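Trainee: First the structure, which I've put down as structure tokens, then a few questions once you've had a look.
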Amino acid sequence: MESEQPDSRSGRRSGAVGVSTADLASSPYRVDRDRVASSPFFARLGGVTQVVSSTGSGLLVHNRLTHSLKVAQAARAIAERLCSRPELVGVLEKLGGCDPDVVEAASLAHDLGHPPFGHLGEQVLDRIARHRLGLADGFEGNAQSFRIITTTDVRGPAALGLDLTVAVRAAMLKYPWTRLSHPDPHPREMAAPPRGASEPSDGPGTGAAKFSAYVTEFEDLVQARAPYEGRVESWQQTVEASVMDTADDIAYAIHDLEDFHRVGVLQHATVAAELGTWLSEGLDLAGLSRAELAAQQRRPGRSLESLRRRLHAKDSWAVNDDAFAAAVLKVRSELVDGLLAVPFDGSVEAEQAVAGFSAKWTRRLVDAVGVLEEPTTRSGHVVLATAQWHEVQVLKFVHRRFVLLRPDLALHQRGQARLITALVEALEQWVTDRHESDRLPRRLHDLVELAETEYALLARTDPRVLVGATGEAPTGKDAVRGLARGRAVVDFVASLTDNQAAALLDALSGRTGQLWTDAFVL
């Protein structure tokens, strides 16, 4: 059964009574789900990289759209299982509710803000936004998703965002804080900061590494969290956000391994050597000093031992050496000796092996989710059981160690980083060219006007939130206009597909002789 919901959770921001063509359902949360699914920002995810781009290669790999669909599928299954357990009804109500439709809508929307070329594009845009464009809160994919559903999408009744319910907006707040200032004290200042709240590697004073709202959407964050005041801490996810976050982890842990088994990147021998060596030499490896372990990183088993030590350092509340060893044994048995033992050749048998592996592991992980009424700061209210938590860590390790750290992938991504950098620079030059201001792409023109309104208001009411790398608040119209143009360029680039980004840079660089391409319908 579904838990009862606080009345304010179904409230919308604008109070508009109009409907969109997606409003075909009776439940307000199903309306939200349909509005997200009807958004052009959602359709765009089919052309956005998950890990590697399939553009021009013919590779059958996940993109942001198929990833979002799988997250929504797993999240709804988790929510329905939790709501069907009588012993959890009271706990879920106390914490604010767990509606499967809310969870599904938030899961579909959670990646709307991811830019071209996946996490690589996110990192590049953040660096440029802070260091070149002077935007204090830079760029973050989760915050960009929240900005889209509250501000830049125009498919809602009020033509400002999607006008989603409070519950769905709150469920999208995986990291319910801004980069630098909210809440006060900021979660990054806690003795044991929540996941994502710690400062990034580029030094103190740069704010949280992950966050879910820019200063321009601060009021939307506060409004979305208001019904949960007294139910969850200011830095904690709602239960529905925690379900979405857990489902995201499950999807990542499984489908990326599927992809790279399909394309032959994930090799049986190297994965088997890493896991098998650690299982047979674990006690000896545990006795190595930090320097000895670092010097031997290229040898099998050492990277997995490094993972075990990192888990103890970061997640001591959850890590258990016996459970870790059992997880390594389980992954070796089912991934290495099972799925990877036979190379993928496109046959019916190979397809069935991939489907069976995915279905079995998804069911195993979804069925292992429970609820903690008082979790640690490093955990949400919704958690995997001990065995499955460790298994997810090992599955994600295999993906990182044998895919993400490959030099050939790094080579590919460096080219994508240069593309994004050059595109932002070219667009910035265009928006600041007073002779061309009336010939900007209409979408970019509209984003500049929107951002100028937002930043002018912030400069009048709370200029401290606009303090960037210079350490000073912007003064004067020109400074505010510069920040607004920077945010508009970032919004614009983040809304492109991989192909659109490449085509637009070709056009701006004079590398194409075609006049009518996708780049000119932006």
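First residue of the sequence shown: 0, per numbering that gives the first Met the number 0; consecutive thereafter. All residues carry an ideal CB built from backbone N, CA and C; glycine is no exception. Just so it is clear, the structure is predicted and the values come from calculations on it, not from any experiment.
So the candidates are 173, 206, 172; which of them puts its Cα closest to the Cα of residue 188?
Mentor: The residue with the shortest Cα to Cα distance from residue 188 is 206.
Trainee: Give the C-beta separation of residue 242 and residue 77 to the nearest angstrom, bearing in mind that I take them to be a contact with Cβ-Cβ under 8 Å.
Mentor: Their Cβ separation, rounded to whole angstroms, is 5 Å, which keeps residue 242 and residue 77 in contact under 8 Å.
Trainee: Below 7 Å between beta carbons: does that hold for residue 381 and residue 368?
Mentor: Yes, they are a contact pair.
Trainee: How many whole angstroms separate the CB atoms of residue 280 and residue 170, which I take to be in contact at a CB cut-off of 8 Å?
Mentor: Going by Cβ atoms, the distance from residue 280 to residue 170 rounds to 44 Å, so no, they are not a contact pair.
Trainee: What residue from 60, 89, 101 has the CA that sits closest to residue 74's CA?
Mentor: Ranking the options by Cα distance to residue 74, first place goes to 101.
Trainee: Using the three-state DSSP reduction, which class does residue 417 fall into: helix, strand or coil?
Mentor: Helix, per DSSP.
Trainee: Taking the alpha-carbon of residue 385 as reference, which of 406, 322, 332 has the nearest alpha-carbon?
Mentor: Checked all of 406, 322, 332; the closest Cα to residue 385 is 322.
Trainee: How far does the alpha helix (DSSP H) with residue 264 in it extend, from its first residue to its last?
Mentor: From DSSP, residue 264 is part of no alpha helix (DSSP H); its letter is neither H nor E.
Trainee: Could you tell me the alpha carbon to alpha carbon distance between residue 3 and residue 298, rounded to whole angstroms?
Mentor: In this predicted model, residue 3 has a pLDDT of only 41, less than 50, meaning its place in the structure is not dependable enough to derive any value.
Trainee: Within 10 angstroms of its Cβ, does residue 351 collect 16 or more other Cβ (buried), or is it exposed?
Mentor: That one is exposed.
Trainee: Under 7 Å between the Cβ atoms of residue 485 and residue 134?
Mentor: Yes, the Cβ-Cβ distance between residue 485 and residue 134 is below 7 Å.
Trainee: Determine whether the Cβ of residue 65 lies closer than 7 Å to any Cβ atom of chain C.
Mentor: No chain C appears in the structure shown, which is made up of a single protein chain.
Trainee: Assign residue 149 to one of two classes, buried (16 or more other C-beta atoms within 10 Å of its C-beta) or exposed (fewer than that).
Mentor: So residue 149 counts as buried.
Trainee: Taking the alpha carbon of residue 106 as the reference point, which residue from 151, 114, 61, 31 has its own alpha carbon closest?
Mentor: Minimum Cα distance to residue 106 is reached at 31.
Trainee: Should residue 509 go down as buried or exposed, given a rule of 16 or more other Cβ atoms within 10 Å for buried?
Mentor: Exposed, since its Cβ has fewer than 16 Cβ neighbours within 10 Å.
Trainee: In whole angstroms, what is the alpha-carbon distance linking residue 306 and residue 422?
Mentor: Distance between the alpha carbons of residue 306 and residue 422: 37 Å.
Trainee: Can you name, in chain order, every residue of its own chain whose Cβ lies under 7 Å from the Cβ of residue 412, other than the five neighbours on each side?
Mentor: Contacts found: 119.
Trainee: Just to confirm, is the Cβ distance from residue 195 to residue 208 under 7 Å?
Mentor: Yes; because the gap between Cβ atoms is below 7 Å, this pair is in contact.
Trainee: Just checking, does the region 386 to 403 make contact with the region 254 to 268 on the three C-beta pairs under 8 Å criterion?
Mentor: At 8 Å Cβ cutoff, the stretches touch.
Trainee: Can you check which of these residues, 359, 349, 261, 310, is closest to residue 330 by C-alpha distance?
Mentor: Per the Cα distances, 359.
Trainee: Output the distance between the C-alpha atoms of residue 492 and residue 163, rounded to the nearest integer angstrom.
Mentor: Spanning the two alpha carbons is a distance of roughly 24 Å.
Trainee: In the structure shown, what three-state DSSP assignment does residue 60 receive?
Mentor: If DSSP states are grouped into helix, strand and coil, residue 60 belongs with coil.
Trainee: Measuring CB to CB, does residue 250 end up less than 7 Å from residue 370?
Mentor: Cβ atoms of residue 250 and residue 370: not closer than 7 Å.
Trainee: Taking residue 383 as part of the alpha helix (DSSP H), name the residues at either end of that continuous run.
Mentor: From DSSP, residue 383 is part of no alpha helix (DSSP H) but of the beta strand (DSSP E) over 381 to 383.
Trainee: Apply the 10 Å Cβ neighbour rule to residue 410 and answer buried if 16 or more other Cβ atoms are within range, or exposed otherwise.
Mentor: Label assigned to residue 410: exposed.
Trainee: Just to confirm before moving on: does the CB-CB distance between residue 230 and residue 94 stay below 7 Å?
Mentor: It is a contact, given that the beta carbons lie within the stated cut-off.
Trainee: With residue 101 as the anchor, note down where its alpha helix (DSSP H) starts and where it stops.
Mentor: Run containing residue 101: 99 to 108, per the alpha helix (DSSP H) assignment.
Trainee: For residue 269, which residues of its own chain have a beta-carbon under 7 Å away from its beta-carbon, when the five flanking residues on both sides are left out?
Mentor: Once the five neighbours on either side are set aside, the close Cβ partners of residue 269 are 401.
Trainee: What does the Cβ neighbour count give for residue 184, buried or exposed, with the cut at 16 atoms within 10 Å?
Mentor: Burial call: exposed.
Trainee: Using CA atoms only, rank isn't needed, just tell me which of 96, 465, 216 is closest to residue 159.
Mentor: When each option's Cα is compared against that of residue 159, the closest is 216.
Trainee: Is the distance from the Cβ of residue 221 to the Cβ of residue 8 below 7 Å?
Mentor: Not in contact: residue 221 and residue 8 (Cβ atoms no closer than 7 Å).
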